[in-house]
Each structure stands twice: as C-alpha cells, then as structure tokens.
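Chemist: Got a structure here, written out as structure tokens. Questions coming.
There are 2 protein chains.
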Amino acid sequence: MKTPERGLLLVVSGPSGSGKGTVLEALFKRRAGLFYSVSATTRAPRPGEVSGEQYYFLSKETFEQEITRGNMLEYARYCDNYYGSPRGPVEEKRAQGLDVILEIEVQGAMKVRHNCSDATLVFIMPPSIEELAKRLRGRGTESEEVVRKRLETSKAEVQTAGAYDYIVLNDEVGRAAHDVDCIITAEKLRSQRYVGGFLG
Amino acid sequence: MKTPERGLLLVVSGPSGSGKGTVLEALFKRRAGLFYSVSATTRAPRPGEVSGEQYYFLSKETFEQEITRGNMLEYARYCDNYYGSPRGPVEEKRAQGLDVILEIEVQGAMKVRHNCSDATLVFIMPPSIEELAKRLRGRGTESEEVVRKRLETSKAEVQTAGAYDYIVLNDEVGRAAHDVDCIITAEKLRSQRYVGGFLG
Chain A
662 MKTPERGLLL
672 VVSGPSGSGK
682 GTVLEALFKR
692 RAGLFYSVSA
702 TTRAPRPGEV
712 SGEQYYFLSK
722 ETFEQEITRG
732 NMLEYARYCD
742 NYYGSPRGPV
752 EEKRAQGLDV
762 ILEIEVQGAM
772 KVRHNCSDAT
782 LVFIMPPSIE
792 ELAKRLRGRG
802 TESEEVVRKR
812 LETSKAEVQT
822 AGAYDYIVLN
832 DEVGRAAHDV
842 DCIITAEKLR
852 SQRYVGGFLG
Chain B
662 MKTPERGLLL
672 VVSGPSGSGK
682 GTVLEALFKR
692 RAGLFYSVSA
702 TTRAPRPGEV
712 SGEQYYFLSK
722 ETFEQEITRG
732 NMLEYARYCD
742 NYYGSPRGPV
752 EEKRAQGLDV
762 ILEIEVQGAM
772 KVRHNCSDAT
782 LVFIMPPSIE
792 ELAKRLRGRG
802 TESEEVVRKR
812 LETSKAEVQT
822 AGAYDYIVLN
832 DEVGRAAHDV
842 DCIITAEKLR
852 SQRYVGGFLG
C-alpha cells in the first residue's frame with residue numbers, strides 16, 4: 662500500500678576534534694536503514710583499497726567531467742587531487758528508501774546545501790574550546806603550532822553553525838548519537854515528506 | 662553556565678478518532694519536562710472542578726477582555742460559551758524551560774500558528790478511514806447519523822494535515838508517542854534555538 666518513501670540526505674559536519682566520526686559510528690550501531698556515502702577522489706588507490714569502498718577512484722578527466730555535469734554535490738582540491746561527493750550513488754540510495762549520511766568538512770556542507778535543496782544539515786559541536794584543544798592535543802601526532810592553527814580553524818568553523826539546520830552538542834557520544842537518531846526520525850515525519858496512510 | 666532554554670510550544674491536533682489524547686498520555690509517561698496547557702472557558706464549573714486544573718473558569722467579560730488584549734492563542738464559541746487557550750500560562754511555563762503541549766481541535770491549531778510564530782504543529786493521523794469509522798462507532802454512544810457526520814468532518818480535517826509541521830501516523834500508540842518524543846528532541850536542537858556550549 663505505502664509508496665517507498667524517499668530517504669533523507671543528512672550532511673553531518675563539524676570542526677576537526679568535534680568527534681563527528683565517533684558520533685556516526687554510534688549512530689550506525691543504533692539505527693538501521695542508513696547508508697554511509699562514499700567519496701570520490703583522483704588520488705591513486707593504496708594497496709588493498711577498492712573503488713566503491715574507501716573511495717570511488719576516478720581519473721582526473723572523469724572527475725572534471727562529473728563536475729561539469731553537476732554530478733558532484735561538493736568537491737575540493739587538495740595536494741593536486743580532487744575529493745568530492747558524487748550525486749549519483751546518493752540519489753540511488755535515497756530512491757531505495759535509505760537515509761544517506763554524508764560526513765564532510767564544514768566548507769563542503771554549505772556547498773551541498775546549495776546543490777541539494779532538501780538536504781538536512783547537522784553540525785556536531787565540541788563541548789568547549791578547552792575540550793577541543795585537549796582532543797586535538799590528545800592525538801599526540803601534531804606539533805603545538807599545528808594544533809594551535811587547527812584550533813583557530815575550528816573556532817572559525819563553529820561560527821558557521823547557525824547556517825545548519827540542527828546543532829548537536831557532542832559532550833557525550835551516546836547522547837549525541839541519540840540526538841542525531843531523533844533528528845532523522847523527526848525529519849521523516851515532516852508534512853512535506855508525508856506519503857503514508859490516508860493522504861498517501 | 663547555560664542560559665535556561667525557552668521551552669517549545671507543541672500544538673497537537675487531529676480529527677476526532679485520531680487518538681491524539683491516548684498518544685499524549687503515552688508521551689507524558691515517557692518524557693519529562695512537559696506541561697499540559699489548561700484551557701479557559703466561560704461555562705460554569707461542575708461539582709469538583711477547580712479553576713486552573715480542568716479549566717481556567719473565567720467570566721464572559723474577562724474572557725472577552727483577554728481576547729481584545731490578544732491574550733488568547735485561539736478561541737471558539739460553542740453553545741453560548743467561550744473556550745480558548747490563554748497565552749499567559751503558556752509563555753510562563755516556556756520561560757521556565759518547560760515544553761508546553763496544547764491539545765486542540767484542527768480549527769484552533771491554524772489560529773495558534775497565526776498567533777504564535779514559533780509554535781510547532783503536529784497532526785495525529787488516523788491510520789485509515791476504515792479504522793477511523795471503527796473507532797468512532799466503537800464508542801457506541803452516538804447514532805449512525807452522528808458517526809457519519811463526524812467521519813465527513815474528519816475526512817475534511819485530514820486534508821489540512823499538510824499545513825502542519827509534522828504528521829504522525831497513529832497506527833500504534835507506542836510508536837506514535839515515540840515519534841512525538843523525537844520531534845520534541847529534534848526541534849530543541851534546531852540551530853535557531855541553540856543556546857548551549859561554545860556559541861551560547
């Protein structure tokens with residue numbers, strides 16, 4: 662009876678050290694029907710990497726063609742390689758009723774908003790500057806100068822949170838994952854999306 | 662550290678037989694921090710009724726004064742008596758951080774939208790016409806003609822669901838209550854409402 666409901670596109674972003682990856686890991690454990698969007702890149706695959714798993718590995722020509730055709734929800738260039746979010750697999754999974762999770766950097770999130778008007782944007786907020794500094798330093802892999810630069814970038818990125826639909830404070834991973842879970846449930850109940858009984 | 666966050670105003674409505682009352686009962690059992698808004702009326706209290714509990718009992722003069730002052734979020738007149746939702750207690754509870762639930766008829770819900778721009782409107786959808794008819798007949802208190810008239814009204818009211826923010830299908834009370842619970846959690850995470858860490 663029920664038409665298969667088109668899935669959401671949930672963009673999850675936040676500054677380095679916000680813990681967005683950990684929140685998403687917890688979310689995937691508690692909720693079914695999600696699909697984690699795979700990025701495309703022009704960098705060469707490392708040993709063991711398979712196209713469509715870690716990345717879609719594309720030639721530079723193909724990637725640029727896809728940009729021209731409007732098939733990249735967002736992209737950026739780092740170290741002479743392109744990285745981006747291909748629209749095709751996202752729309753395919755949504756048509757199957759899966760909710761697609763796109764974990765990307767803050768700069769990319771605003772581009773997705775522009776290129777996909779019905780995307781839902783979630784900002785993962787670190788609990789405080791002190792905690793953010795602790796997390797960035799805790800990795801122990803970067804010099805104090807790099808950590809300080811990252812902190813400055815993160816502070817600037819936090820200022821963009823108001824442009825997202827939702828802000829989830831990541832002071833406790835389980836609660837933050839529960840919050841994102843509720844956001845998905847609620848967004849699917851928005852009247853514009855209703856295809857269920859009676860009116861469907 | 663955290664500013665006390667202003668509570669939501671959640672308007673819960675739906676046709677007769679949608680089961681909105683039962684859904685709200687289940688919601689109050691699973692969620693804290695809610696306040697059930699009490700209506701005002703000019704009808705005389707019945708034995709045992711206390712002003713501020715079942716209703717705020719007002720004189721006709723006071724009620725009309727409150728209308729003139731814009732202090733009624735919505736009101737209607739039945740059988741020569743006024744019934745309405747006073748704004749004062751709603752705003753008072755919201756300022757204390759409580760989420761106020763306003764269970765009202767479909768006609769009233771659209772008036773609240775007009776009079777309170779940050780209200781969140783939830784439509785409780787009966788699962789089907791057949792089930793709705795069964796529920797209305799199941800009460801066993803009304804003639805077939807009255808039941809048929811109610812059904813017609815309910816069908817017309819269902820057509821207004823698209824004007825609400827959210828539509829919750831009440832095919833199973835527990836799930837419907839969980840849905841409303843998630844809507845409240847998600848609405849409180851909307852970036853416009855954010856007053857928490859970092860940006861707060």
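Those protein sequence lines, which keep their order, are chains A and B. Using my numbering, read the first sequence as starting at 662 and increasing by one per residue. Using my numbering, read the second sequence as starting at 662 and increasing by one per residue. Heads up, the beta-carbon is just placed ideally off N, CA and C, and yes, glycines get one too.
Taking a cut of 7 Å between CB atoms, which residues from the segment 813–828 of chain B lie near chain A?
Modeler: Going along the segment 813–828 of chain B in chain order, one finds Val819, Ala822, Gly823, Tyr825, Asp826, Tyr827, Ile828 with a Cβ nearer than 7 Å to chain A.
Chemist: What is the DSSP secondary structure of Ala847 (chain A), counted as helix, strand or coil?
Modeler: The residue labelled residue 847 (chain A) in the question sits at position 186 within the first sequence. If DSSP states are grouped into helix, strand and coil, Ala847 (chain A) belongs with the helices.
Chemist: Do Val767 (chain B) and Ser674 (chain B) have their C-beta atoms closer together than 8 Å?
Modeler: In the second sequence, the residue the question calls residue 767 (chain B) occupies position 106. In the second sequence, the residue the question calls residue 674 (chain B) occupies position 13. Result yes, Cβ atoms of Val767 (chain B) and Ser674 (chain B) sit closer than 8 Å.
Chemist: Does the beta-carbon distance from Arg704 (chain B) to Asn732 (chain B) come in below 8 Å?
Modeler: For the purposes of this step, residue 704 (chain B) is taken as residue 43 along the second sequence, with counting starting at 1. For the purposes of this step, residue 732 (chain B) is taken as residue 71 along the second sequence, with counting starting at 1. No; because the gap between Cβ atoms is not below 8 Å, this pair is not in contact.
Chemist: Consider the Cβ of Leu850 (chain B): report whether some Cβ of chain A lies at a distance smaller than 8 Å.
Modeler: For the purposes of this step, residue 850 (chain B) is taken as the residue at position 189 of the second sequence. Closer than 8 Å: yes.
Chemist: Round the Cβ separation of Val773 (chain A) and Leu763 (chain A) to the nearest angstrom and send it over; I've been treating them as touching at under 8 Å.
Modeler: Sequence index remark: in the first sequence, residue 773 (chain A) carries index 112 (1-based). Sequence index remark: in the first sequence, residue 763 (chain A) carries index 102 (1-based). Confirmed, Cβ separation roughly 7 Å.
Chemist: By the criterion of Cβ-Cβ separation under 7 Å, what are the contact partners of Thr846 (chain B) in chain A?
Modeler: What you label residue 846 (chain B) is simply residue 185 of the second sequence in a count that begins at 1. Under the 7 Å cutoff, chain A gives Asp840, Cys843.
Chemist: Would the beta-carbon of Val761 (chain B) be found less than 7 Å away from any heavy atom of the ligand COA?
Modeler: Judged by which ligands are present, the structure shown has none, so any question about the ligand COA falls away.
Chemist: So with CB distances below 9 Å, who are the chain B contacts of Tyr736 (chain A)?
Modeler: The count along the first sequence starts at 1 and reaches residue 736 (chain A) at position 75. Residues of chain B passing the Cβ test: none, with the nearest at roughly 25 Å.
Chemist: Here's a check: name, in chain order, each residue in its chain whose Cβ is nearer than 7 Å to the Cβ of Asp840 (chain A), leaving out the five neighbours to either side.
Modeler: Here the question's residue 840 (chain A) lines up with position 179 in the first sequence. So the list reads Val829, once near-sequence residues are dropped.
Chemist: Considering only their Cβ atoms, is the gap separating Gly680 (chain B) from Asn831 (chain B) smaller than 8 Å?
Modeler: If you number the second sequence from 1, residue 831 (chain B) lands on position 170. If you number the second sequence from 1, residue 680 (chain B) lands on position 19. Yes, the Cβ-Cβ distance between Asn831 (chain B) and Gly680 (chain B) is below 8 Å.
Chemist: Mind checking Ile728 (chain B): buried by the 16 CB within 10 Å criterion, or exposed?
Modeler: Your numbering for residue 728 (chain B) matches position 67 in the second sequence. Classification for Ile728 (chain B): exposed.
Chemist: I want to see whether chain A comes within less than 8 Å of Tyr855 (chain B), judged by CB atoms only; does it?
Modeler: Start at 1 with the first residue of the second sequence, and residue 855 (chain B) comes out as number 194. Closer than 8 Å: yes.
Chemist: Flag this pair as touching only if the segment 689–700 of chain B and the segment 783–791 of chain B have three or more C-beta atom pairs under 8 Å; answer yes or no.
Modeler: Verdict: no, contact absent.
Chemist: Taking the alpha carbon of Ala770 (chain B) as the point to measure from, which residue in B:Arg796, B:Ala824, B:Gly678 has its own alpha carbon closest?
Modeler: Numbered from its first residue, the second sequence carries residue 770 (chain B) at position 109. If we check each option's Cα against that of Ala770 (chain B), B:Ala824 comes out closest.
Chemist: Closer than 8 Å by C-beta to Glu803 (chain A): which residues in its own chain qualify, once you throw out the five before and the five after it? Chain order, please.
Modeler: Residue mapping note: residue 803 (chain A) aligns to position 142 of the first sequence, counting from 1. Counting only Cβ-Cβ distances below 8 Å, and skipping sequence neighbours, we find Leu797, Arg811.
Chemist: So, for Lys754 (chain A): in the same chain, excluding its five sequence neighbours on each side, which residues have a beta-carbon less than 6 Å away from its beta-carbon?
Modeler: Taking the first residue of the first sequence as position 1, residue 754 (chain A) is located at position 93. These residues qualify, in order along the chain: Phe696, Val761.
Chemist: Taking the continuous beta strand (DSSP E) assigned at Ala824 (chain A), which residues delimit it?
Modeler: Against the first sequence, residue 824 (chain A) aligns to sequence position 163. Run containing Ala824 (chain A): none; DSSP gives neither H nor E here.
Chemist: In this structure, does DSSP put Asp760 (chain A) in helix, strand or coil?
Modeler: Taking the first residue of the first sequence as 1, we reach residue 760 (chain A) at position 99. Looking at Asp760 (chain A) - three-state DSSP - the assignment turns out to be strand.
Chemist: List the residues that DSSP assigns as beta-bridge partners of Thr729 (chain B).
Modeler: Sequence index remark: in the second sequence, residue 729 (chain B) carries index 68 (1-based). None; Thr729 (chain B) has no bridge partner.
Chemist: Please report how far the alpha carbon of Gly694 (chain A) lies from the alpha carbon of Pro708 (chain A), in whole angstroms.
Modeler: Residue numbering aside, residue 694 (chain A) sits at position 33 when the first sequence is read from its first letter. Residue numbering aside, residue 708 (chain A) sits at position 47 when the first sequence is read from its first letter. The straight-line gap from Cα to Cα measures roughly 30 Å.
Chemist: Less than 8 Å between the beta carbons of Ala838 (chain B) and Leu719 (chain B), yes or no?
Modeler: As a position in the second sequence, residue 838 (chain B) is number 177, starting the count at 1. As a position in the second sequence, residue 719 (chain B) is number 58, starting the count at 1. The answer is no: Cβ separation not under 8 Å.
Chemist: For Ile844 (chain A) and Leu850 (chain B), which I take to be in contact (beta-carbon distance under 8 Å), what is that distance rounded to the nearest angstrom?
Modeler: Locating residue 844 (chain A) in the first sequence gives position 183, counting from the first residue. Locating residue 850 (chain B) in the second sequence gives position 189, counting from the first residue. The Cβ separation is near 6 Å, so the contact holds.
Chemist: Can you grab the Cα-Cα spacing for the pair Leu685 (chain A) / Gly678 (chain B), in whole Å?
Modeler: Residue 685 (chain A) sits at position 24 when you count from the first residue of the first sequence. Residue 678 (chain B) sits at position 17 when you count from the first residue of the second sequence. Cα to Cα, Leu685 (chain A) sits roughly 39 Å from Gly678 (chain B).
Chemist: Whose C-alpha, out of B:Pro676, B:Leu670, B:Leu669, B:Arg667, is nearest the C-alpha of Ala822 (chain B)?
Modeler: Within the second sequence, residue 822 (chain B) is the residue found at index 161, counting from 1. It is B:Pro676.
Chemist: What residue from A:Pro750, A:Ala794, A:Cys740 has the CA that sits closest to Gly668 (chain A)'s CA?
Modeler: On the first sequence, position 7 is the one that residue 668 (chain A) refers to. Checking every option, the nearest Cα to that of Gly668 (chain A) belongs to A:Pro750.
Chemist: What is the DSSP secondary structure of Glu722 (chain B), counted as helix, strand or coil?
Modeler: Numbered from 1 along the second sequence, position 61 holds the residue referred to as residue 722 (chain B). Of the three classes helix, strand and coil, the one that applies to Glu722 (chain B) here is helix, per DSSP.
Chemist: Report the option in B:Thr723, B:Pro747, B:Glu813 whose CA atom is closest to the CA atom of Leu734 (chain B).
Modeler: By 1-based counting over the second sequence, the position of residue 734 (chain B) is 73. Among B:Thr723, B:Pro747, B:Glu813, the Cα nearest to that of Leu734 (chain B) is on B:Pro747.
Chemist: Counting C-beta neighbours from all protein chains within 10 Å, is the total for Met662 (chain A) 16 or more, i.e. buried, or is it exposed?
Modeler: As a working mapping, residue 662 (chain A) is identified with position 1 in the first sequence. Interpretation of Met662 (chain A) is limited by its pLDDT of 45, a score under 50 that renders its predicted location unreliable; the figure taken from the coordinates is listed afterwards. Classification of Met662 (chain A): exposed, given that the 10 Å Cβ count is below 16.
Chemist: Going along the chain, which residues of its own chain have a beta-carbon closer than 6 Å to the beta-carbon of Gly861 (chain A), five neighbours each way excluded?
Modeler: Taking the first sequence and counting its residues from 1, one reaches residue 861 (chain A) at position 200. At Gly861 (chain A) the pLDDT is 42, less than 50, meaning the model places this residue with poor confidence; the figure from the coordinates comes in the next sentence. Around Gly861 (chain A): no qualifying Cβ.
Chemist: DSSP three-state label for Pro747 (chain B), please.
Modeler: In the second sequence, counting from the first residue as 1, residue 747 (chain B) sits at position 86. Looking at Pro747 (chain B) - three-state DSSP - the assignment turns out to be strand.
Chemist: Leaving out five residues on either side along the sequence, give the residues of the same chain with a beta carbon under 7 Å from the beta carbon of Ala780 (chain B).
Modeler: As a first step, residue 780 (chain B) is located in the second sequence; it is residue number 119 there, counting from the start. Excluding residues within five positions, the ones whose Cβ falls inside 7 Å are Leu670, Val672, Val773, Arg774.
Chemist: Helix, strand or coil for Leu669 (chain B), going by three-state DSSP, please let me know.
Modeler: In the second sequence, counting from the first residue as 1, residue 669 (chain B) sits at position 8. Note: Leu669 (chain B) maps to coil in three-state DSSP.
Chemist: Hey, quick one: how far does the alpha helix (DSSP H) through Thr781 (chain B) stretch, first residue to last?
Modeler: To locate residue 781 (chain B), count along the second sequence from 1; it is residue 120. Unbroken run through Thr781 (chain B) is the beta strand (DSSP E), 781–786; no alpha helix (DSSP H).
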